[in-house]
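Notes follow the structure.
Residue numbers (this note's numbering), protein chains in the order written: chain C, 308 to 783; chain V, 65 to 409.
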């Protein structure tokens, strides 16, 4: 594998500095990779993908009648984050989840931040995932987001920026764990020691979940609620349940009776205390949210209100990762914590503000436009690469429902050498670290590095041609 | 104690693998005989497959999909047609889906085997093999099913889940063995030589050739085949043997001593077992093989239904409609809803 042929373009490159020299923390891995022939590497990757396929480490492709399952493409060149950088990221993430949880508590109680005029009332009341039904309802330990998967990118100067906070049901952590296992198995000689382990995550997640047991129950029955086997993240649901040794349940396994939730077993009903739900609010309970949902449990929300069962994440966290709310997170940090944000974020124009809307409409081909309540890379316009028709269609949508859209300048986020057809080429990467909010706040060292495999593409989502890399944080 | 749905998945997972294996056994032997038969120039291929389709309850759907069947259609329908929910490949897919739902409950090796089999039968390599060397294809399914059974035996904790796996396999095996016998009640042999050829095929399909020779010597007679496949207490694929073990498994699940019963399923299985224990080929011949087997299958179906009602449904929900997930329409509704909910973060 010849690293000398790797020619990055002008963007920030994770491996090489401005002078084209390998960054010090990459030297050891670069040496080790140079020792492998392209053939070795290719055959190792093939055996790895076969291994993933055999173990069913796959996601389901939607819009495909056969429900095809695919392997999440894996790139063997690990992404490295030096300890000093990681310290800042970690502190920034802890600061952010702290502010978000204070914000959610406030929004569902006194709403001081609205009364003090820091965030306009309309922003919250018109957010699709705001749940007015839950104003005044208490949740255990006043915690709303227990599991957060914040997306970070690096701009052309290498500065880490928050792209979005995924505070509903962030997914991808199973790939972090599986990628590490696969790396150790197939490329053991690439490890030089000092890489911080990730395998405590399931145990940490379990203690986070046990922490919110109702009535301080010391021995709660914790379950993971999945939409079912056809869900694209089912592998992850099953993986986490297995790692935590808890039951994985579907809505039809649960029944709510007199304000308590039970699971159906071969020996009758057994009470459930904590539900790690991987289902959106809308589908949780047909009596309260979407009436046509058969994924949820009628009466579940009532049991939650009565405090007899706890949900992670709590109901209504979606208001915090609405893309319009996002624009106000730096203000939240100042308001609740009296601190300056440690991590910066991408400048955001809100189409519902008349001046911003004017700017957006005049500059559409230069901007990235996002629907306020979508995720997974759907409902997005990338101005510079979009066709005239696409731009026009977004223009009409923005004019019709300005609250639903935000726009950001195109951030040409950092690239990382990635193996494409036997050669190293630069591909855009982002980073999704996972944060657990329990007894203490824990950030999984590293997180999921997603890579856009298409040349020049900025979309890293697995559903849209993304792959992933192992992510190494060094202990010192 | 386990989730009812998990018990249901475990039960169906092993039932579907067992069904795929038995169909493979059946088609393998049938094709072999067909080759002989054609060289003898008797009858048409269609007439030949008809009893097989009837005995496996696939004839009606076959006729509607293939109004004018051509050579090879019947075997393909039983083997690889995904429109047939009971074809071998459909069974394997469903078994694998069930396994996927209970991955955290089965061993890694069990999952890898069933997942690999499912990948194989739909891979270009598998399709080629079915085309060029169908016998090898059927043997692959048979050996993979048996391997799965062996892996289960060697890697799975003996808990309630294990019992439901056993129950599924045993009830399916009993059912399929009785169907193998029933095929012969639908066919007429032209002479003694053909008669014995066809009974030999049934024995081979059940892997009972050697067992038969050891018990009864070389000559093949209907009474002895019936005696071995229905009433033997020792032969592992006989209906009686399977039901005796199923009875033990059921009592293990409920904790009731054998001989008594504490639920409908134990009662029904116990009753069929008692009948088989106190009857023999003479009784079968008097009533007629087909009638006897028809009756037996009704009891087996009732026992299977009772498993569902005793362990999967809550007592007060027996009459509630539970969607049958193996059916295509509910499957796609389910999938559509999951897609709508999807947009994972």
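Idealized CB from N, CA, C, for every residue including glycine.
Nothing here was measured: the structure is a model prediction, and the numbers come from that model.
Cross-chain neighbours of residue i in chain V, by beta carbon under 8 Å
i, result
"residue 577 (chain C)", "65"
"residue 363 (chain C)", "164, 167, 175 and 179"
Chain V residues whose Cβ lies nearer than 9 Å to that of residue i
i, result
"residue 763 (chain C)", "The contacting residues do not exist; residue 763 (chain C) stays about 25 Å from chain V at best."
"residue 687 (chain C)", "Chain V residues near residue 687 (chain C): none, gap ~12 Å exceeds 9 Å."
Contact with chain C by residue i, beta-carbon distance below 8 Å
i, result
"residue 375 (chain V)", "yes"
"residue 168 (chain V)", "yes"
"residue 383 (chain V)", "Caution is warranted here: a pLDDT of 41 is assigned to residue 383 (chain V), below 50, making its placement in the model unreliable, and the coordinate value is therefore given only provisionally. For residue 383 (chain V), the answer is no, since every Cβ of chain C falls outside 8 Å of its Cβ."
"residue 189 (chain V)", "no"
"residue 312 (chain V)", "no"
"residue 330 (chain V)", "no"
"residue 80 (chain V)", "no"
"residue 106 (chain V)", "Annotation note: pLDDT 49 at residue 106 (chain V) (below 50); position unreliable, coordinate value reported separately. With 8 Å as the cut-off, residue 106 (chain V) does not count as an interface residue toward chain C."
"residue 388 (chain V)", "At residue 388 (chain V) the pLDDT is 38, less than 50, meaning the model places this residue with poor confidence and gives no usable figure here."
Interface partners of residue i on chain C, CB under 7 Å
i, result
"residue 71 (chain V)", "573"
"residue 77 (chain V)", "Going along chain C, no residue has its Cβ under 7 Å from residue 77 (chain V), so there is no contact; the nearest lies around 12 Å."
"residue 224 (chain V)", "573"
Any C-beta of chain V under 8 Å from that of residue i
i, result
"residue 731 (chain C)", "no"
"residue 548 (chain C)", "yes"
"residue 490 (chain C)", "no"
"residue 638 (chain C)", "no"
"residue 545 (chain C)", "yes"
"residue 757 (chain C)", "no"
"residue 560 (chain C)", "yes"
"residue 570 (chain C)", "yes"
"residue 773 (chain C)", "no"
Where residue i falls: helix, strand or coil (DSSP)
i, result
"residue 418 (chain C)", "coil"
"residue 361 (chain V)", "helix"
"residue 724 (chain C)", "strand"
"residue 382 (chain C)", "strand"
"residue 787 (chain C)", "Outside the shown range of chain C (308 to 783) lies residue 787 (chain C), about which nothing can therefore be said."
"residue 616 (chain C)", "coil"
"residue 537 (chain C)", "coil"
"residue 759 (chain C)", "strand"
"residue 596 (chain C)", "coil"
"residue 531 (chain C)", "strand"
"residue 144 (chain V)", "coil"
"residue 464 (chain C)", "coil"
"residue 575 (chain C)", "strand"
"residue 130 (chain V)", "coil"
"residue 650 (chain C)", "coil"
"residue 678 (chain C)", "strand"
"residue 498 (chain C)", "coil"
Closest Cα partner of residue i within the set the options
i, options, result
"residue 69 (chain V)", "C:400, C:342, C:309 and C:535", "C:535"
"residue 609 (chain C)", "C:598, C:592 and C:397", "C:592"
"residue 699 (chain C)", "C:676, C:715 and C:606", "C:676"
"residue 713 (chain C)", "C:640, C:673, C:497 and C:634", "C:634"
"residue 616 (chain C)", "C:446, C:599 and C:309", "C:446"
"residue 173 (chain V)", "V:165, V:157 and V:211", "V:211"
"residue 443 (chain C)", "C:412, C:426, C:659 and C:330", "C:412"
"residue 157 (chain V)", "V:236, V:333, V:190 and V:183", "V:183"
"residue 426 (chain C)", "C:639, C:579, C:351 and C:599", "C:639"
"residue 118 (chain V)", "V:349, V:247, V:289 and V:290", "V:247"
"residue 312 (chain C)", "C:725, C:774 and C:762", "C:725"
Under 9 Å by beta carbon: chain C residues contacting residue i
i, result
"residue 193 (chain V)", "The contacting residues do not exist; residue 193 (chain V) stays about 19 Å from chain C at best."
Partner residues on chain V for residue i, Cβ-Cβ distance less than 7 Å
i, result
"residue 556 (chain C)", "67"
For residue j and residue i, believed in contact at Cβ under 8 Å, the rounded distance
i, j, result
"residue 390 (chain C)", "residue 741 (chain C)", "18 Å between Cβ atoms; not a contact."
"residue 628 (chain C)", "residue 753 (chain C)", "Not a contact, Cβ separation roughly 21 Å."
"residue 284 (chain V)", "residue 260 (chain V)", "5 Å"
"residue 330 (chain C)", "residue 318 (chain C)", "Contact doesn't hold; Cβ gap of about 15 Å is too wide."
"residue 673 (chain C)", "residue 176 (chain V)", "Contact flag wrong, Cβ pair sits at about 50 Å."
"residue 570 (chain C)", "residue 530 (chain C)", "7 Å"
"residue 757 (chain C)", "residue 748 (chain C)", "At roughly 23 Å, the Cβ-Cβ gap does not stay under 8 Å, so residue 757 (chain C) and residue 748 (chain C) are not in contact."
"residue 377 (chain V)", "residue 313 (chain V)", "Contact doesn't hold; Cβ gap of about 19 Å is too wide."
Neighbouring residues, chain C, relative to residue i (Cβ below 8 Å)
i, result
"residue 183 (chain V)", "360 and 361"
"residue 64 (chain V)", "Any question about residue 64 (chain V) goes unanswered here, given that chain V covers just 65 to 409."
heavy atom of the ligand ADP below 7 Å from residue i C-beta
i, result
"residue 773 (chain C)", "For the ligand ADP, the structure offers nothing, since it holds no ligand at all."
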